[in-house]
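Here is the structure we will look at, set down as structure tokens.
In our numbering, the protein residues as written are 296 to 679.
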């Protein structure tokens with residue numbers, strides 16, 4: 296199986312999220328972090344948006360990063376001319392391929408195929424490579440989708456993107472769509488661009504890869520229109536941890552990348568977001584922590600350092616067990632017998648339930664000393 300090839304579109308589709316705007320310094324910082332993560336290609340933006348967008352794209356292109364750069368265009372020569380001004384290595388030209396989109400845009404299959412050849416011929420001399428988008432491929436008629444992909448290949452396209460534009464697909468239908476296209480086009484690189492409207496973008500991206508789409512269009516944090524896109528960090532770790540495919544990316548960069556994009560997009564991450572959520576590698580259950588203290592692999596799939604994090608401290612709460620209490624008291628060199636440990640654990644559980652949250656280490660120590668006081672004990676030489 297070929298290695299996955301990531302195309303990050305955080306600066307294009309990610310910024311198309313409602314209300315998201317990146318300043319040029321923020322775009323540069325995101326690009327630098329993507330470069331550090333060894334992302335091979337980024338889709339920087341849409342030059343047809345205007346001169347400011349063109350200048351921002353050109354600025355990033357001129358900074359000498361290692362990744363290839365791509366501009367997104369509608370199927371018009373004017374958009375392609377704007378992409379030339381932006382100075383990207385490649386150009387992506389998007390065509391409607393479903394009946395619903397073609398009708399809405401006043402186009403038909405004959406126009407699409409005719410323009411496909413004309414615009415590839417027009418763009419090819421001006422760029423290192425030309426990629427073609429099958430917009431709304433998931434709702435396209437299968438025969439026409441295959442005709443479109445074969446025509447793009449015959450006309451000289453470097454790659455075709457199969458876009459699940461409204462997030463309709465599931466892993467089974469994704470695999471079937473990509474396999475169907477692969478059955479008539481064996482060699483052309485295929486790209487999957489999955490949206491997350493039904494919560495399946497990451498799974499669909501993996502299914503597409505298994506069916507032969509080795510180019511994966513993703514964004515950091517799954518940022519994107521509506522419910523977003525497939526998240527790069529989730530796709531990369533799923534490929535490695537679930538499918539045994541070593542990542543081509545520097546996954547240790549994921550936590551910093553995720554945190555920065557969340558900050559500048561003003562899209563706070565769910566604490567339990569896979570891979571980079573603040574609690575994604577955090578544990579409270581007493582049954583779990585008892586084993587985790589012996590071996591982190593017992594109840595944790597991803598080593599924290601693999602994604603650029605430190606191992607997380609255990610939460611102290613309603614579901615904690617004796618092992619967590621003893622662990623924290625031992626850290627502070629505080630003695631505690633089995634009877635007192637159970638009394639302290641009961642107090643912790645009651646406090647957590649009353650407060651509806653986890654208990655801090657400081658609160659645990661306070662409860663410890665309160666217990667000692669009731670038993671008329673003195674603890675000396677203790678410092679937090």
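Every residue, glycine too, gets a C-beta built ideally from N, C-alpha and C.
Treat the numbers as computed from the prediction; the structure is a model and nothing was measured.
Over what stretch of residues does the alpha helix (DSSP H) that includes residue i continue unbroken?
i	result
residue 409	404–418
residue 351	346–356
residue 422	From DSSP, residue 422 is part of no alpha helix (DSSP H); its letter is neither H nor E.
residue 663	656–669
residue 328	319–331
residue 500	496–506
Classify residue i as helix, strand or coil using the three-state DSSP reduction.
i	result
residue 392	coil
residue 263	For residue 263 there is no data in the structure shown, the boundaries of the chain being 296 and 679.
residue 559	helix
residue 540	coil
residue 434	helix
residue 297	coil
residue 590	coil
residue 312	coil
residue 676	In this prediction, residue 676 has a pLDDT of 44, which is less than 50 and means its spatial position is unreliable; nothing more can be read from the coordinates.
residue 611	strand
residue 517	helix
residue 531	helix
residue 526	strand
residue 399	helix
residue 387	strand
residue 554	helix
residue 343	helix
residue 429	strand
residue 583	helix
residue 599	helix
residue 570	coil
residue 548	helix
residue 565	coil
residue 619	helix
Return the first residue and the last residue of the beta strand (DSSP E) that residue i is part of.
i	result
residue 336	336–340
residue 513	510–513
residue 306	First-last for residue 306: undefined, no H or E at that position.
residue 652	No beta strand (DSSP E) contains residue 652, which DSSP labels as neither H nor E.
residue 365	363–369
Taking C-beta to C-beta, are residue i and residue j nearer than 8 angstroms?
i	j	result
residue 319	residue 354	yes
residue 388	residue 408	no
residue 485	residue 507	yes
residue 458	residue 431	yes
residue 385	residue 369	no
residue 660	residue 611	no
residue 741	residue 338	Here the chain has residues from 296 to 679 only, and residue 741 is not among them.
residue 538	residue 596	no
residue 534	residue 299	yes
residue 352	residue 340	yes
residue 666	residue 622	no
residue 571	residue 528	yes
residue 579	residue 549	no
residue 470	residue 421	no
residue 480	residue 444	yes
residue 468	residue 441	no
residue 433	residue 463	yes
Output the residue ranges of the alpha helix (DSSP H) runs that lie fully inside the stretch 445–491 and measure 4 residues or longer, sorted by chain position. Counting only runs of 4 or more, we get 466–479.
Let me know the alpha helix (DSSP H) ranges lying completely inside the stretch 622–649, each 4 residues or longer, listed in chain order. Fully contained in the stretch 622–649 is no alpha helix (DSSP H) run of length 4 or more.
Report yes or no: do three or more beta-carbon pairs, one from the stretch 296–315 and one from the stretch 555–562, lie closer than 8 angstroms? Below 8 angstroms, enough C-beta pairs join the stretch 296–315 and the stretch 555–562 to call them touching: three or more.
For the stretch 515–535 and the stretch 494–506, state whether three or more C-beta atom pairs, one from each stretch, are separated by less than 8 angstroms. Yes, they touch.
With a threshold of 8 angstroms, are at least 3 pairs of Cβ atoms found where one atom belongs to the stretch 327–342 and the other to the stretch 574–583? No, they do not touch.
Contact between the stretch 415–426 and the stretch 451–470 is defined here as three or more beta-carbon pairs at a separation below 8 angstroms; is this criterion met? At 8 angstroms Cβ cutoff, the stretches touch.
For the stretch 588–605 and the stretch 636–643, state whether three or more C-beta atom pairs, one from each stretch, are separated by less than 8 angstroms. With the rule of 3 Cβ pairs closer than 8 angstroms, the stretch 588–605 does not count as touching the stretch 636–643.
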